[in-house]
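Here is the structure we will look at, set down as structure tokens.
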């Protein structure tokens, strides 16, 4: 087993919104953003575990503000929790202004599962070592979210 920090797999993706990214109300198409979020989460997970992965769930997807043509979008993913075969990745999406300030437009938590060559879940051998109080709190919150996901599955959601 290898110990890794969340910063080892931190991933940022940047997009300048173009016409093909815009919906009928002249805002960023939500589906496009979800695809980018998934790409970032998968990249974070693969960097951590070193295997192929698949997205198992997306939850807490919150659209906080719109984005428009020409906006600079920054999508940042960071590992929050590692279980036996699954990992939780927090992905924050921002509009970056000309002065470098960032305004959150979306936050999502994704569960990503490590898979083998037969597309079966396989153990994540690299442990995640939280480095600070914020990362320790994210770990604890991830455990609570995991329990909520289990409860929702039992209830048929």
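Residue numbers (the working numbering): 16 to 172. Glycine is no exception: its CB is placed at the ideal position from the N, C-alpha and C atoms.
| Per DSSP, which one or two residues make a beta bridge with residue 68? | Its beta-bridge partners are 129.
| query | With residue 54 and residue 28 assumed to form a contact (beta carbons below 8 Å), what rounded beta-carbon distance in angstroms separates them? | reply | Indeed, because the Cβ distance is near 7 Å, the residues count as touching under 8 Å.
| query | When you compare only the Cα positions, how much space is there between residue 64 and residue 134? | reply | C-alpha separation (whole angstroms): 15 Å.
| task | Mind checking who residue 136 pairs with in its DSSP beta bridge? | result | Bridge partners of residue 136: 130.
| said: Which of the three DSSP states is assigned to residue 98 in this structure? | reply: Under the three-state reduction of DSSP, residue 98 is assigned to coil, being neither helix nor strand.
| request: Pick out whichever of 149, 69, 137, 32 has its Cα sitting closest to the Cα of residue 93. | output: Between residue 93 and the set 149, 69, 137, 32, the nearest pair of CA atoms involves 149.
| said: Considering Cα atoms alone, identify which of 89, 88, 98 is closest to residue 137. | reply: Nearest C-alpha to residue 137: 98.
| message | When you measure from the CB of residue 26 to every non-hydrogen atom of the ligand GDP, does any distance come out below 7 Å? | response | The ligand content of the structure shown is nil, which means the ligand GDP is not present either.
| task | Less than 8 Å between the CB atoms is what I'm expecting for residue 101 and residue 140, so what's the real figure, rounded? | result | Incorrect: roughly 13 Å between the Cβ atoms, too far for contact.
| task | Give the straight-line distance between the Cα atoms of residue 19 and residue 117, rounded to the nearest whole angstrom. | result | Answer to the nearest angstrom: the Cα atoms are 27 Å apart.
| query | Does DSSP put residue 116 in a helix, a strand or coil? | reply | Three-state result, residue 116: coil.
| request: Check each candidate in 39, 70, 159 and name the one with the smallest Cα separation from residue 83. | output: Measuring from the Cα of residue 83, the nearest candidate turns out to be 39.
| said: Can you list, in chain order, the residues of its chain with a C-beta nearer than 6 Å to that of residue 26? Leave out the 5 residues immediately preceding and following it. | reply: If we look at residue 26 and ignore the five residues flanking it on each side, its Cβ neighbours are 55, 58, 59, 92.
| field | residue 31 classed as buried or exposed, judged by whether at least 16 other C-beta atoms fall within 10 angstroms | value | Classification for residue 31: exposed.
| By Cβ distance, which residues of its chain are closer than 7 Å to residue 47, with the 5 residues on each side in sequence left out? | Excluding sequence neighbours, residue 47 sits near 36.
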